[in-house]
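J.: Can you read through this structure? Questions will come right after.
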Ligand SMILES: [Zn+2]
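Residue numbers (my numbering): 11 to 461.
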């Protein structure tokens, strides 16, 4: 597969440290080299299915593939490896089609139809980014610049993106969304949730949902209750009649979750309840944007309604932390957003110590967090939110999977989706230790090598 570009040599755990498996002449197959060309292929999903979009890629070749030369395999399965991350040193993985069929020590690996040596690099499950907003047009660089000059972030800036998104053709919106999906995959993200929320009319939200379902993401969320659009200024109830009625009905076939922005400048507690109740009636999973800019009702309403996640959680009261710890609702932290809006980091340490389940996600959107780098998000989870590297990796893999209720992603063991992230580093700790460095070396998504 492509040109040989050699083993990882950047640290003491590389081949120079004496680990076996990557010495030229000992390889049983090709060495990790250049990624396939052209870039990630995105197969359009069938927009008429109700389940997760069948998007992404098809496996490259029939038969099994043995990946070896893995200095450290993060399985996230304590039954197959050491500690909570289920670590296996000098490991191997066997893929068959879009599934993992075997993981374990290299010396015990079964025979496969082909083998590839990864040059003593760490392999993780692909990132599960459970919160993004990829379907939009335009940018808000000027707003960002003004914010850096001292203007505070406000929910109302979303209106700028709504106007730009309404102003472009569906084909352009799809092109932009696909570019953003490709960007995410190139950063090691293999499971992607994205939301509507920049259309805010029945036809524009329907287009956004259909575009999202076709864009190559795994999960689509309806966020009609993002802000009150200008044509309903002063009449939030009138807008919610639309959101909870015809708009929800029109998007339902494309989406798996419903989300609501519970915040000053967006929707208050009573309005949030109304939206969540409509989502429940429609049989959708529930999510809440809550407690981003100040303490509020978002977290408690999410827990009360059995929401699968409440996202942001930047400002939490003791009561909020207790409510999360005693619930199945995942607290999804968005530290790149906190950074970009100059908010304090979400209290990850406090939540984990209290026993709450957390996820880390990018919140990639043009206003408050225009990055989809989960490598950065994981580093910020450690450097800003007080998590250990182990906790941050879990939050960005199994945590994200829990926040999307996806049973077959976020871990690497037999039966898991063949989503792998190869780091140009010997271990996962390097993600925070070498923050900002280009550590994504190769990516498999649904069994196909895409980077
Ligand atoms: Zn968001």
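Ideal Cβ positions, reconstructed from N, Cα and C, are used throughout, including at glycine.
These numbers were taken from a predicted model, which means no experiment stands behind them.
Give the DSSP-derived three-state secondary structure of residue 463 in the structure shown.
T.: With the chain covering 11 to 461 only, the question about residue 463 has no answer from this structure.
J.: At the level of alpha carbons, what is the spacing between residue 190 and residue 174?
T.: Cα-Cα distance, rounded: 17 Å.
J.: Going by beta carbon distance, what residues of the same chain come within less than 6 Å of residue 354, once the five residues before and after it are set aside?
T.: The answer is none, since no qualifying residue turns up.
J.: Cβ atoms of residue 366 and residue 465: under 9 Å apart, would you say?
T.: Residue 465 lies beyond the residue range present for the chain, which begins at 11 and ends at 461; the question has no answer from this structure.
J.: So if DSSP puts residue 431 in a beta bridge, which residue, or which two residues, is it bridged to?
T.: In the DSSP output, where bridge partners are listed per residue, residue 431 has 134 and 453.
J.: So if DSSP puts residue 300 in a beta bridge, which residue, or which two residues, is it bridged to?
T.: Residue 300 pairs with 272 and 322.
J.: Candidates 328, 322 and 298: which alpha carbon is nearest residue 314's?
T.: When each option's Cα is compared against that of residue 314, the closest is 298.
J.: Can you tell me the Cα-Cα spacing of residue 459 and residue 251, whole angstroms?
T.: Going by the C-alpha atoms only, they are around 45 Å apart.
J.: Out of curiosity, what's the CA-to-CA distance linking residue 288 and residue 99?
T.: When rounded, the distance between both Cα atoms is 49 Å.
J.: Would you kindly check if the distance between the Cβ of residue 230 and the Cβ of residue 205 is under 9 Å?
T.: In contact: residue 205 and residue 230 (Cβ atoms closer than 9 Å).
J.: In terms of alpha-carbon separation, which member of 120, 141 and 79 lies closest to residue 409?
T.: The candidate whose alpha carbon is nearest that of residue 409 is 141.
J.: I need the boundaries of the alpha helix (DSSP H) containing residue 109, first residue and last residue.
T.: That residue, residue 109, is in no alpha helix (DSSP H); its beta strand (DSSP E) goes 109–115.
J.: What's the gap between the Cα of residue 393 and the Cα of residue 107?
T.: Looking at the two C-alpha atoms, the distance is approximately 37 Å.
J.: Where residue 172 and residue 207 are concerned, what is the direct C-alpha to C-alpha distance, given to the nearest angstrom?
T.: Going by the C-alpha atoms only, they are around 8 Å apart.
J.: For residue 319, does the count of other Cβ atoms within 10 angstroms reach 16, so buried, or fall short, so exposed?
T.: Flag for residue 319 reads buried.
J.: Are there any heavy atoms of ligand 1 lying less than 8 Å away from the beta-carbon of residue 321, as far as the coordinates show?
T.: Within the cutoff, so yes.
J.: State the start and end residues of the unbroken alpha helix (DSSP H) segment that holds residue 170.
T.: Note, residue 170: alpha helix (DSSP H), 168–176.
J.: Given a cut-off of 9 Å on the beta-carbon distance, is the pair residue 117 and residue 103 in contact?
T.: Going by C-beta atoms, residue 117 is not nearer than 9 Å to residue 103.
J.: Could I get the ranges of all uninterrupted beta strand (DSSP E) runs contained in the region 322–349, with 3 residues as the minimum, in chain order?
T.: Within the region 322–349, the complete beta strand (DSSP E) runs of at least 3 residues are 340–343.
J.: Grouping DSSP H, G and I as helix and E and B as strand, with all else coil, what is residue 118?
T.: In this structure, residue 118 counts as helix in the three-state DSSP scheme.
J.: Less than 8 Å separating the Cβ of residue 301 from some heavy atom of ligand 1?
T.: False, no ligand heavy atom lies under 8 Å from that Cβ.
J.: Per DSSP, residue 267 forms a beta bridge with which residues?
T.: For residue 267, which the question treats as bridged, DSSP gives the partners 231 and 295.
J.: Please classify residue 257 as buried or exposed, where buried requires at least 16 neighbouring CB atoms within 10 angstroms.
T.: Per the 10 Å Cβ criterion, buried.
J.: Can you give the Cα-Cα distance for residue 261 and residue 223, rounded to whole angstroms?
T.: Whole-angstrom Cα-Cα distance: 11 Å.
J.: At a cut-off of 8 Å, would you count residue 344 as near ligand 1, judging by its Cβ distance to the nearest heavy atom?
T.: Residue 344 Cβ: within cutoff of ligand 1.
J.: If I measure Cβ to Cβ from residue 119 and keep anything under 8 Å in the same chain, skipping five residues before and after, which residues do I get?
T.: If we look at residue 119 and ignore the five residues flanking it on each side, its Cβ neighbours are 76, 78, 102, 104 and 112.
J.: Would you kindly work out how many angstroms separate the C-alpha atoms of residue 259 and residue 73, rounded to a whole number?
T.: The straight-line gap from Cα to Cα measures roughly 43 Å.
J.: Taking residue 322 as the reference, which of 266, 123, 395 and 411 has the closest Cα?
T.: The shortest Cα separation from residue 322 among 266, 123, 395 and 411 belongs to 395.
J.: In this structure, does DSSP put residue 210 in helix, strand or coil?
T.: If DSSP states are grouped into helix, strand and coil, residue 210 belongs with coil.
J.: Assuming residue 203 is part of the beta strand (DSSP E), what are its boundary residues?
T.: From DSSP, the beta strand (DSSP E) with residue 203 extends over 199–205.
J.: If you drop the 5 nearest sequence neighbours on each side, which residues of the same chain put their C-beta closer than 6 Å to that of residue 426?
T.: These residues qualify, in order along the chain: 110 and 418.
J.: Indicate the three-state DSSP secondary structure (helix, strand or coil) for residue 56 in the structure shown.
T.: Low per-residue confidence applies at residue 56: pLDDT is 36, beneath 50, and the placement is therefore not dependable enough to give any value.
J.: Apart from the five residues on each side of it in sequence, which residues of its chain come closer than 7 Å, Cβ to Cβ, to residue 60?
T.: Below a pLDDT of 50, predicted positions are generally treated as unreliable, and residue 60, at 34, falls in that range; no measurement from the model is reported.
J.: By the 10 Å Cβ neighbour count, where 16 or more other Cβ atoms means buried, how is residue 363 classified, buried or exposed?
T.: With fewer than 16 Cβ atoms within 10 Å of its Cβ, residue 363 is classed as exposed.
J.: The alpha helix (DSSP H) with residue 462 in it runs from where to where?
T.: Coverage of the chain is limited to positions 11 through 461, which leaves residue 462 absent and any answer about it impossible.
J.: Sorted by chain position, which residues of the same chain lie with C-beta nearer than 6 Å to residue 414's C-beta, five sequence neighbours on each side aside?
T.: Correct list, in chain order: 140, 203 and 229.
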